[in-house]
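Going down the list, the protein sequences come from chains E and Y. Using our numbering, count along the first sequence one by one with no gaps and you end on 949. Using our numbering, count along the second sequence one by one with no gaps and you end on 518. Virtual Cβ for every residue (Gly too), placed ideally from N, Cα, C. Bear in mind that the values here come from a model prediction, so they are computed numbers and not experimental data. A short write-up of the structure that comes next.
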Amino acid sequence: MRPAVPVGNDNMRKLYHFHGGIHPPSNKTQSTRATIARAPLPAKLVIPLHQHAGETAKPVARVGERVLKGQLIGMPDGIVSSAVHASTSGTITAIDMQLIAHPSGLPNLCATLVPDGKEEWAPRKTIDYRDHSPAGLQHLLRMAGVVGLGGAAFPSDLKLSLDKHKITTLVLNGAECEPYITCDDMLMRERAAEIVQGAEMLRFMLDAEEVLIGIEDNKPEAIASMRAAVAAGGHQRMEVIAVPTVYPGGGAKQLIRVLTGIEVAAGVRSTDMGVQCFNVATAYTIHRAFAHGEPLLSRIVTITGNVLHPRNYEVLIGTPIAELVALGVALPDTDSYIMGGPMMGFPLPSVQVPLVKATNCIIASSKKIFPPSPPVMPCIRCTRCADVCPADLQPQDLFWFAQSREFGRAQAFNLFDCIECGACSYVCPSHIPLVQYYRFAKSEIHAREHDKQLADKARIRHDYREQRIEREKQEKADKLAAREKAAQAARLADAQPLTAQQQAEQAGIETSRAHIRELAQSAVEHADEGTTK
Amino acid sequence: MFFSPLISKSDSVSAIMLKVLLALLPGIVLYVWYFGPAILVSITLASLTALGTEALMLKLRDRPIMPFLKDNSALLTAWLLALSIPPLAPWWMVVVGTAFAIAIAKHLYGGLGNNMFNPAMVGYAVLIISFPAQMTHWIAPHGMVISELTFPQQLDFIFHDVLPNSDTLDALTMATPLDTLKTHLHLDQPMRQILDMPIYGRFAGHGSEMVALGFLLGGLYLLASRIISWHIPAAFLGTLFVLAGIFHLADPAHYAGPLFHWFAGASMLGAFFILTDPVSSPTTNKGRLIYAAGAGLLTYLIRVFGGFPDGVAFATLLMNICVPLIVLYTQPKVFGKKGSQP
Numbered sequence: 417m418r419p420a421v422p423v424g425n426d427n428m429r430k431l432y433h434f435h436g437g438i439h440p441p442s443n444k445t446q447s448t449r450a451t452i453a454r455a456p457l458p459a460k461l462v463i464p465l466h467q468h469a470g471e472t473a474k475p476v477a478r479v480g481e482r483v484l485k486g487q488l489i490g491m492p493d494g495i496v497s498s499a500v501h502a503s504t505s506g507t508i509t510a511i512d513m514q515l516i517a518h519p520s521g522l523p524n525l526c527a528t529l530v531p532d533g534k535e536e537w538a539p540r541k542t543i544d545y546r547d548h549s550p551a552g553l554q555h556l557l558r559m560a561g562v563v564g565l566g567g568a569a570f571p572s573d574l575k576l577s578l579d580k581h582k583i584t585t586l587v588l589n590g591a592e593c594e595p596y597i598t599c600d601d602m603l604m605r606e607r608a609a610e611i612v613q614g615a616e617m618l619r620f621m622l623d624a625e626e627v628l629i630g631i632e633d634n635k636p637e638a639i640a641s642m643r644a645a646v647a648a649g650g651h652q653r654m655e656v657i658a659v660p661t662v663y664p665g666g667g668a669k670q671l672i673r674v675l676t677g678i679e680v681a682a683g684v685r686s687t688d689m690g691v692q693c694f695n696v697a698t699a700y701t702i703h704r705a706f707a708h709g710e711p712l713l714s715r716i717v718t719i720t721g722n723v724l725h726p727r728n729y730e731v732l733i734g735t736p737i738a739e740l741v742a743l744g745v746a747l748p749d750t751d752s753y754i755m756g757g758p759m760m761g762f763p764l765p766s767v768q769v770p771l772v773k774a775t776n777c778i779i780a781s782s783k784k785i786f787p788p789s790p791p792v793m794p795c796i797r798c799t800r801c802a803d804v805c806p807a808d809l810q811p812q813d814l815f816w817f818a819q820s821r822e823f824g825r826a827q828a829f830n831l832f833d834c835i836e837c838g839a840c841s842y843v844c845p846s847h848i849p850l851v852q853y854y855r856f857a858k859s860e861i862h863a864r865e866h867d868k869q870l871a872d873k874a875r876i877r878h879d880y881r882e883q884r885i886e887r888e889k890q891e892k893a894d895k896l897a898a899r900e901k902a903a904q905a906a907r908l909a910d911a912q913p914l915t916a917q918q919q920a921e922q923a924g925i926e927t928s929r930a931h932i933r934e935l936a937q938s939a940v941e942h943a944d945e946g947t948t949k
Numbered sequence: 177m178f179f180s181p182l183i184s185k186s187d188s189v190s191a192i193m194l195k196v197l198l199a200l201l202p203g204i205v206l207y208v209w210y211f212g213p214a215i216l217v218s219i220t221l222a223s224l225t226a227l228g229t230e231a232l233m234l235k236l237r238d239r240p241i242m243p244f245l246k247d248n249s250a251l252l253t254a255w256l257l258a259l260s261i262p263p264l265a266p267w268w269m270v271v272v273g274t275a276f277a278i279a280i281a282k283h284l285y286g287g288l289g290n291n292m293f294n295p296a297m298v299g300y301a302v303l304i305i306s307f308p309a310q311m312t313h314w315i316a317p318h319g320m321v322i323s324e325l326t327f328p329q330q331l332d333f334i335f336h337d338v339l340p341n342s343d344t345l346d347a348l349t350m351a352t353p354l355d356t357l358k359t360h361l362h363l364d365q366p367m368r369q370i371l372d373m374p375i376y377g378r379f380a381g382h383g384s385e386m387v388a389l390g391f392l393l394g395g396l397y398l399l400a401s402r403i404i405s406w407h408i409p410a411a412f413l414g415t416l417f418v419l420a421g422i423f424h425l426a427d428p429a430h431y432a433g434p435l436f437h438w439f440a441g442a443s444m445l446g447a448f449f450i451l452t453d454p455v456s457s458p459t460t461n462k463g464r465l466i467y468a469a470g471a472g473l474l475t476y477l478i479r480v481f482g483g484f485p486d487g488v489a490f491a492t493l494l495m496n497i498c499v500p501l502i503v504l505y506t507q508p509k510v511f512g513k514k515g516s517q518p
């Protein structure tokens, strides 16, 4: 509705606007005062085999086996899947169901690894990506367990298969719009050159023309560092762009819109429109995978909130969250821990759950930092939610439909365009947990569609069965009819006039038949007499 | 268990309603300045009735009482209704109108957030249809009539229907500027002569135009603090302006000008406080424009060609009916489906 408005920036580049958005307090400075530190090796690692979108990896290590750092312990299983590796050298002591960091609080298959402290690497093979085909590189990424580190943990190799689409623009997402989270910020400040090289690798695989690196303008240090890295590397058609700080400006669709003006509708892949987007940390990981032969074994995680020492750590995948919490030193009134940011994160079921590839931030929560929401009031249709919705939805209507279980209407009002950013709940003066209603409606619709699919299948099966029975009946009837027809034809043939000799023969046969019948009759009569006497 | 987002803007329904109440204050102060403190009596009476009825209805509906009493929405209904009816209306009329607004128009529809019609306007409609005579008890502004009631005398009249021996009701009250204009036009008096009557001021009614100005000020505050968006006031006042302008240009002797229509009657109150009620108005911006333009058209038609002295209340109620339809047909295009790709 609103025309493309150029937003003021120092890039001399036309930026675009997306509808809505909010400006929550950023709370980022607490965790950017210190550089990234390496977390110490924990006594035990619990490595989930399902850390990515898609199918759980198949365990390929045995219990009791000694594994090396970077050794494959989970084989990708299915098209949408990714590999899982031993984060350090040591012994696999168990492969079983354990509690993981998931909103459901349900356990999942994990490999428990007791480190031997030697950090002994499995053979690493560095490659020059320019010598390989994009398909070959994709396979390498899949086997290196590279997934999107922005939060969705979608296997990166799949985002590089293009179905012959021409990619004009590669967008690198360094916006990091959620409050509190600073892992990408610190990574860009400290390891910009490697990110930029990773971006170059992505550009090669996508055969993209230009690379646009979007960073929110509340991260001047990261912007400067990335610009310096681009300049130092002599990268052509690669630009670091300061984008306005507005939540959810770091959503892939929102960033693509701001940088290119393209709006990628729900259900449409951005590659169909010539754009693909990767997180800066993913680009960094790709560089580690190709240039150092290292699979994804660690990531940068922010520990912040109600802690004494908020900071970013490079942490091995599988490290219990409790270890990270101990590094930050949680304050006594901490009552729970959030994984992710305050807008889209979720409370952890326990601090014993392991850190996974998707873990970007752990926030120690207290009633002071996140006060409980005031009592919910009825919706007064003030439409503040609609004013801030980045998908141009009408959240107040969707809420109404979800509440009254009018799921058909919710879908007609584009429920599935909702990205669950939470901006609507943030501004709601009635404190309605709107996103929860949308999640509920979505899951109900999914469940119903699943049921419907099952019912459809059953109905189709039933229809086929009916058809088969009908067909068999028909075939039987046809066969019978054919046989009868043949018999009739034979009878007709019989009825044809016979020759004199045949007639004589027939008459002879008939006479002897009559004689036999007579004999038989008398025999029966005699027998009857005998018995009655 | 708690859900994301874990943070929220510190805002609440009661804070929003309180700001709207505050925004009414300039208009109320000017009301008292020009017409005396009787309006404060009806506001107080309406407020007490509204809170009492609200509490009773909440209890009957088995809802928590205190959170809803504190949301200030019943108070807002009370104030808007009190400002719409004559200050010298008998006390029981204020009570009946307010109780009807809260009990019937609000709670029988499901309470806060569920009422299809603006409750204050429903209360007003009930009163003007049931008690048309008492609804003409408008006080004349200071200095407009020979005798003026003192405040105790006003109270006496409101509560006991007793006037001082020397006074008659006709000497104390007068028709509204809109009504006066209509009556005199019927008598074929020329517009200029009518508007020279002492009851008229710079744009519209003497005194009442200043009260309207007060509501305009409050409305601008609501706009500035983003409690309301510009769509409804702009479309309503714009339509009223254009219509009045066209008729006035075509026949200035029989049709008052746009500024008269802006500052007479409940135009400003309607534009910023009544039509903008979020619950009973459309949720889409395009819908708001259509809704308010429709209300502007109806207000003008009722005022100029209809039988009622003002048209804002009925225009609001009629447009309230259309809201679901308007909203349905003015859904904005969602992200990625706008066809505005570069």
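#1: Return the CA-CA distance between Thr661/E and Gly590/E, expressed in angstroms with no decimal places.
#2: Residues bridged to Asp453/Y by DSSP?
#3: Between which residues of its own chain and Pro765/E is the CB-CB distance below 7 Å, once the five residues before and five after are set aside?
#4: Take Val646/E as the anchor and find which of Pro811/E, His468/E, Glu610/E and Ala668/E has the nearest alpha-carbon.
#5: Between Cys798/E and chain Y, is the shortest Cβ-Cβ distance under 8 Å, so that the two count as touching?
#6: Going along chain Y, which residues have a C-beta under 8 Å from Met513/E?
#7: What are the boundary residues of the alpha helix (DSSP H) that includes Phe481/Y?
#8: Return the residue from the list Val510/Y, Phe511/Y and Pro500/Y that minimises the CA-CA distance to Met292/Y.
#9: Taking only the alpha-carbon atoms, compute the straight-line gap between Cys801/E and Arg685/E and give it to the nearest angstrom.
#10: Do Arg479/Y and Gly421/Y come within 8 Å of each other at the CB atom, strictly closer than that value?
#11: Mapping the DSSP letters down to three states, classify Arg797/E as helix, strand or coil.
#12: Buried or exposed: where does Pro422/E fall if 16 or more other Cβ atoms within 10 Å of its Cβ makes it buried?
#13: Along the chain, where does the alpha helix (DSSP H) containing Met755/E start, and where does it finish?
#14: Going by other Cβ atoms of all chains shown within 10 Å of its Cβ, with 16 needed for buried, is Ile502/Y buried or exposed?
#15: Under the DSSP definition of a beta bridge, which residues are partnered with Asp512/E?
#16: Looking at chain E, which residues of the segment 177 to 199 of chain Y have a Cβ within less than 8 Å of any of its Cβ atoms?
#17: Mind checking the segment 289 to 302 of chain Y against chain E and listing, in chain order, the residues whose C-beta falls within less than 9 Å of any C-beta there?
#18: Determine, for His581/E, whether the minimum Cβ-Cβ distance to residues of chain Y falls below 8 Å.
#19: Identify the contact partners of Pro454/Y in chain E, using a Cβ-Cβ distance below 8 Å as the criterion.
#20: Tell me which residues of the segment 488 to 514 of chain Y have at least one Cβ-Cβ distance to chain E shorter than 9 Å, keeping chain order.
#21: Which of the three DSSP states, helix, strand or coil, is assigned to Cys777/E?
#22: When you compare the segment 617 to 634 of chain E with the segment 648 to 656 of chain E, are there three or more beta-carbon pairs, one atom per stretch, that lie closer than 8 Å?
#23: Check whether the Cβ atoms of Ile495/E and Asn728/E lie closer than 8 Å to each other.
#24: Can you pull the chain Y residues whose beta carbon is under 7 Å from the beta carbon of Val662/E, in chain order?
#25: Give me, in chain order, the residues of the same chain whose beta-carbon lies closer than 7 Å to that of Leu256/Y; leave out the 5 immediate sequence neighbours on both sides.
#26: Quick one: what's Val731/E bridged to in DSSP?
#27: Is there contact here, the segment 232 to 245 of chain Y with the segment 412 to 426 of chain Y, by at least three beta-carbon pairs under 8 Å?
#28: Under 8 Å between C-beta atoms, does Leu358/E make it to chain Y?
#29: So who's on the other strand from Tyr854/E, going by DSSP bridges?
#30: Should the segment 773 to 790 of chain E be regarded as contacting the segment 731 to 744 of chain E, the criterion being three or more beta carbon pairs within less than 8 Å?
#31: With the cut-off set at 8 Å, would you say Thr274/Y and Thr229/Y are in Cβ contact?
#32: Indicate the three-state DSSP secondary structure (helix, strand or coil) for Leu197/Y in the structure shown.
#33: Decide if Ala540/E is buried, meaning its Cβ has at least 16 other Cβ atoms within 10 Å, or exposed.
#34: At what residues does the beta strand (DSSP E) containing Thr585/E begin and finish?
#35: Tell me the start and end of each unbroken alpha helix (DSSP H) in the segment 385 to 412 of chain Y that is at least 4 residues and wholly inside, in chain order.
#36: Could you give the residue range of the alpha helix (DSSP H) that holds Asn496/Y?
Once the coordinates are examined:
#1: Going by the C-alpha atoms only, they are around 12 Å apart.
#2: According to the DSSP secondary-structure assignment, Asp453/Y is paired through a beta bridge with no residue.
#3: Within the same chain, Leu515 and Gly521 come within 7 Å of Pro765/E by CB-CB distance, once the 5 residues on both sides are set aside.
#4: Per the C-alpha coordinates, the member of Pro811/E, His468/E, Glu610/E and Ala668/E positioned closest to Val646/E is Glu610/E.
#5: Interface residue, yes.
#6: Within chain Y, no residue has its CB atom less than 8 Å from the CB of Met513/E, the nearest being about 23 Å off.
#7: For Phe481/Y, the enclosing alpha helix (DSSP H) starts and ends at Asn461 to Phe481.
#8: Comparing Cα-Cα distances from Met292/Y to each of Val510/Y, Phe511/Y and Pro500/Y, the minimum goes to Pro500/Y.
#9: In this structure, the CA atom of Cys801/E is about 26 Å from the CA atom of Arg685/E.
#10: Going by beta carbons, Gly421/Y and Arg479/Y fall outside the 8 Å limit.
#11: Coil at Arg797/E, not helix or strand.
#12: Low confidence applies here, because Pro422/E scores a pLDDT of 44, under 50, leaving its location unreliable and the question unanswered by this model.
#13: No alpha helix (DSSP H) holds Met755/E; the beta strand (DSSP E) holding it covers Ser752 to Met755.
#14: Buried.
#15: Beta-bridge analysis with DSSP links Asp512/E to Cys526/E.
#16: Residues are counted here when their Cβ sits less than 8 Å from a Cβ of chain E; for the segment 177 to 199 of chain Y these are Met177, Phe178, Phe179, Ser180, Pro181, Leu182, Ile183, Ser184, Lys185, Asp187, Ser188, Val189, Ala191 and Ile192, given in chain order.
#17: Answer set for the segment 289 to 302 of chain Y: Gly289 and Asn290.
#18: It does not; no Cβ of chain Y falls within 8 Å.
#19: Residues of chain E passing the Cβ test: Ile796, Arg797, Cys798 and Thr799.
#20: Along the segment 488 to 514 of chain Y, going in chain order, the ones with a CB nearer than 9 Å to a CB of chain E are Val503, Gln507, Pro508, Lys509, Val510, Phe511, Gly512, Lys513 and Lys514.
#21: Looking at Cys777/E - three-state DSSP - the assignment turns out to be strand.
#22: Yes, the segment 617 to 634 of chain E is in contact with the segment 648 to 656 of chain E.
#23: The answer is no: Cβ separation not under 8 Å.
#24: Within chain Y, no residue has its CB atom less than 7 Å from the CB of Val662/E, the nearest being about 14 Å off.
#25: Around Leu256/Y: Ala296, Phe449 and Ile450.
#26: Per DSSP, the beta-bridge partners of Val731/E are Arg715/E.
#27: Per the Cβ contact rule, the segment 232 to 245 of chain Y is not in contact with the segment 412 to 426 of chain Y (fewer than 3 Cβ pairs under 8 Å).
#28: In the structure as shown, chain E begins at 417 and stops at 949. Residue 358/E is therefore absent and cannot be evaluated.
#29: Per DSSP, none; premise fails for Tyr854/E.
#30: The segment 773 to 790 of chain E, when compared against the segment 731 to 744 of chain E, does touch it at the 8 Å Cβ threshold.
#31: A contact, by the Cβ cut-off of 8 Å.
#32: Correct three-state label for Leu197/Y: helix.
#33: Residue 540/E is actually Arg in this sequence, not Ala. By the neighbour-count rule (16 or more Cβ atoms within 10 Å), Arg540/E is not buried but exposed.
#34: For Thr585/E, the enclosing beta strand (DSSP E) has its first and last residue at Thr585 to Asn589.
#35: Counting whole runs of 4 or more residues, the segment 385 to 412 of chain Y contains no alpha helix (DSSP H) stretch at all.
#36: Start and end: Val488 to Tyr505.
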